[in-house]
């Protein structure tokens, strides 16, 4: 019974509750499990986590680059907008300057045309005065011819009538008085 009793005791001692049920086999299994999990973590890190991290880093860099590019594009757009707005303001000023220049040219052309018209009018007036003067001289010449014709007709009558010289002189003087000395002299 001894033997049986001791075996029974050993079995009973083995069945005794231990703290957290720790035994050497459990600690060895736990240690191997921890080493296996760590090895799996290292392998997974090498095979899975690092590529995922690289992919995430590349994606982050790409997004940052796109955001930087978008910000730069927005700055360029703002600059272009400011340039166009200033050009639009300058276009109004340039249009006003062009219109002002056109008005000045139009006034200069108007003054030139008016001056030319005045010169032409002065030439026409001068020509009219010259023509009037010629007509006056022509009328005076016609008058002189008519006086000569009248005088020769009188002379013919005098000769025909055989009037003495005293009567002839008195007729010529009378005729000259009737016609007027100023007409004859001019």
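In the working numbering, the protein residues as written are 3 to 188.
Just so it is clear, CB atoms sit at the ideal spot from N, CA and C, and this is done for glycine as well.
For clarity, every value in this text was computed on a predicted model and none was experimentally measured.
Quiz prompt | Run of the alpha helix (DSSP H) containing residue 31, from where it starts to where it stops | solution = Indexing the chain shown from 1 puts residue 31 at position 29. Segment 26 to 46, the alpha helix (DSSP H) holding residue 31.
Self-check item: Beta-carbon proximity of residue 177 to residue 145, cut-off 8 Å
Solution: Position 175 of the chain shown, counted from the first residue, corresponds to residue 177. Position 143 of the chain shown, counted from the first residue, corresponds to residue 145. Cβ atoms of residue 177 and residue 145: not closer than 8 Å.
Quiz item: residue 181 and residue 149 look like a contact to me (Cβ under 8 Å); what is the Cβ gap, rounded to whole Å?
Solution: Along the chain shown, one-based indexing puts residue 181 at 179. Along the chain shown, one-based indexing puts residue 149 at 147. About 6 Å separates the CB atoms of residue 181 and residue 149; that is less than 8 Å, so the two are in contact.
Quiz item: Distance, Cα to Cα, residue 173 vs residue 152?
Solution: Looking up residue 173 in the chain shown gives position 171. Looking up residue 152 in the chain shown gives position 150. In a straight line, the C-alpha of residue 173 is about 12 Å away from that of residue 152.
Quiz item: Expressed to the nearest angstrom, what Euclidean distance is found between the alpha-carbon atoms of residue 106 and residue 100?
Solution: As a first step, residue 106 is located in the chain shown; it is residue number 104 there, counting from the start. As a first step, residue 100 is located in the chain shown; it is residue number 98 there, counting from the start. Cα to Cα, residue 106 sits roughly 10 Å from residue 100.
Practice problem: Enumerate in chain order the residues of its own chain whose CB-to-CB distance from residue 94 is below 6 Å, with the five nearest sequence positions on each side excluded. | Solution: Residue numbering aside, residue 94 sits at position 92 when the chain shown is read from its first letter. Hits under 6 Å: none found.
Practice problem: Closer than 7 Å by C-beta to residue 175: which residues in its own chain qualify, once you throw out the five before and the five after it? Chain order, please. | Solution: Stepping through the chain shown from its first residue, residue 175 is reached at position 173. Nothing meets the Cβ criterion.
Exercise. Give me the Cα-Cα distance between residue 76 and residue 91, rounded to the nearest whole angstrom.
Key: As a working note, residue 76 is residue 74 in the chain shown. As a working note, residue 91 is residue 89 in the chain shown. Going by the C-alpha atoms only, they are around 22 Å apart.
Quiz item: What separation, rounded to the nearest whole angstrom, lies between the Cα atoms of residue 71 and residue 65?
Solution: The residue given as residue 71 occupies position 69 in the chain shown. The residue given as residue 65 occupies position 63 in the chain shown. The C-alpha of residue 65 is placed about 10 Å away from the C-alpha of residue 71.
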